[in-house]
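Have a look at the structure below before the remarks.
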Amino acid sequence: MAIPSPQPFLAENPIVPVVVLDRVADALPTAKALVAGGIKAAEVTFRTPVAAECIAEMAKYPEITVGAGTVTTPEQARKAVEAGAKFLVSPGFSAKIADVAAELEVPFLPGIADPSDIMATLEYGLDTLKFFPAVPLGGLPLIKAMAAPFPQFKFMPTGGIGPKNIGEWLSEPIIASVGGSWMVTKQMVNNAEFEKITALSQEAMELVKEYRS
Ligand code: 3PG
């Protein structure tokens, strides 16, 4: 089985928030806050023990498409898809996770940080990779230079992106979508600052209108 491309989904969702949830009860209000601000996708990370339950909660809310982030084991990949995740994101590349993504036919965006990482993914026929951590590694100049020998790929950068620098990423054709946590930080969720999440999501979507034609 082939791993499906995430590009049709990412074309509809130029921003994919990276969400860290400590409590299952926050999953639905967080999803609703993002959707109220115009964001219709979320990557719920396996950085907390309740990630799969949170994915299951969000998956019941049809206005948002939920995926799993920080997937570091094939077991987490299976758990995520079972819970309703529609895509998988990892900080690095794992052939074992790619095998699960192929078997379950779910899009997989592994993280890459150098050309060897990109080459490790080649046999899986992927077309979109996560560029992580984007800004600390060298930002747009680095990914543009690194992508040149691999024209088959688009990238989803995460790490260090926010309202001040998102424009340059959105303007670049090799960037499929931009990820980040600035509009939905752990602190905002834990303090139930859902209106702030909506306002920052709205601001992010305004920037999409401005920079992505
Ligand atoms: C990720 O997991 O992709 C990043 O931690 C998100 O990065 P940010 O918090 O700098 O947006």
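At position 175 of the sequence shown the residue is numbered 175 (full-length UniProt numbering), and the sequence of numbers has no breaks. Positions of the beta carbon are idealized from the N, C-alpha and C atoms, including for glycine. For clarity, every value in this text was computed on a predicted model and none was experimentally measured.
Pick from the options that is closest to residue i, judged by C-alpha positions
{"i": "Asp99", "options": "Val66, Phe9 and Tyr124", "result": "Tyr124"}
{"i": "Ala120", "options": "Ala85, Thr65 and Ala95", "result": "Ala95"}
{"i": "Pro157", "options": "Ser5, Ile174 and Phe93", "result": "Ile174"}
{"i": "Ala102", "options": "Ile3, Glu63 and Leu207", "result": "Ile3"}
{"i": "Met1", "options": "Thr72, Lys79, Leu126 and Phe194", "result": "Leu126"}
{"i": "Ala176", "options": "Asn190, Pro163, Asn191 and Phe155", "result": "Phe155"}
{"i": "Val16", "options": "Thr65, Glu168, Lys60 and Gly139", "result": "Thr65"}
{"i": "Gln202", "options": "Asp117, Phe153 and Pro163", "result": "Pro163"}
{"i": "Gly180", "options": "Leu122, Ala52 and Pro91", "result": "Pro91"}
{"i": "Gly69", "options": "Leu170, Glu172, Lys79 and Tyr61", "result": "Lys79"}
{"i": "Asn191", "options": "Pro8, Ile166 and Pro29", "result": "Pro29"}
{"i": "Phe153", "options": "Gln76, Pro110, Arg212 and Ala77", "result": "Pro110"}
{"i": "Val208", "options": "Glu168, Phe194, Glu193 and Lys186", "result": "Glu168"}
{"i": "Lys186", "options": "Phe9, Pro8, Arg47 and Leu10", "result": "Arg47"}
{"i": "Val24", "options": "Thr45, Asn165 and Pro6", "result": "Thr45"}
{"i": "Pro74", "options": "Ala145, Glu12, Phe93 and Phe150", "result": "Phe93"}
{"i": "Glu63", "options": "Cys54, Lys32 and Glu12", "result": "Lys32"}
Span of the alpha helix (DSSP H), counted from its first residue to its last, around residue i
{"i": "Lys209", "result": "Phe194 to Tyr211"}
{"i": "Thr45", "result": "Note, Thr45: premise wrong, no alpha helix (DSSP H); beta strand (DSSP E) at Ala41 to Thr45."}
{"i": "Ala101", "result": "Ala95 to Leu104"}
{"i": "Leu34", "result": "Ala27 to Ala36"}
{"i": "Ala80", "result": "Pro74 to Ala83"}
{"i": "Pro115", "result": "Pro115 to Thr121"}
{"i": "residue 215", "result": "With the chain covering only 1 through 213, there is no way to say anything about residue 215."}
{"i": "Lys144", "result": "Gly139 to Ala147"}
{"i": "Val189", "result": "Lys186 to Asn190"}
{"i": "Leu129", "result": "Element bounds for Leu129: not the alpha helix (DSSP H) but the beta strand (DSSP E), Thr128 to Phe131."}
{"i": "Glu168", "result": "Ile166 to Leu170"}
Endpoints, the beta strand (DSSP E) within which residue i is located
{"i": "Met58", "result": "It is not in any beta strand (DSSP E) - Met58 instead sits in the alpha helix (DSSP H) that spans Ala51 to Ala59."}
{"i": "Gly69", "result": "Thr65 to Gly69"}
{"i": "Ile15", "result": "Ile15 to Val19"}
{"i": "Phe9", "result": "Here Phe9 belongs to no beta strand (DSSP E); instead the alpha helix (DSSP H) covers Gln7 to Glu12."}
{"i": "Lys155", "result": "The amino acid at residue 155 is misidentified as Lys; the sequence shows Phe. Residues Lys154 to Pro157."}
Whole-angstrom C-beta distance between residue j and residue i, which should lie under 8 Å
{"i": "Gly188", "j": "Ala204", "result": "Sequence check: residue 188 is Met here, not Gly. About 14 Å; that fails the 8 Å criterion."}
{"i": "Gly160", "j": "Pro136", "result": "6 Å"}
{"i": "Glu43", "j": "Val19", "result": "6 Å"}
{"i": "Leu170", "j": "Pro14", "result": "6 Å"}
{"i": "Val71", "j": "Val89", "result": "7 Å"}
Would the segment 183-202 count as touching the segment 28-38 if we require 3 or more Cβ pairs under 8 Å? Per the Cβ contact rule, the segment 183-202 is in contact with the segment 28-38 (3 or more Cβ pairs under 8 Å).
Could you say if the segment 83-94 and the segment 103-119 meet the contact criterion of at least three C-beta pairs nearer than 8 Å? Flag = yes, the segment 83-94 and the segment 103-119 touch.
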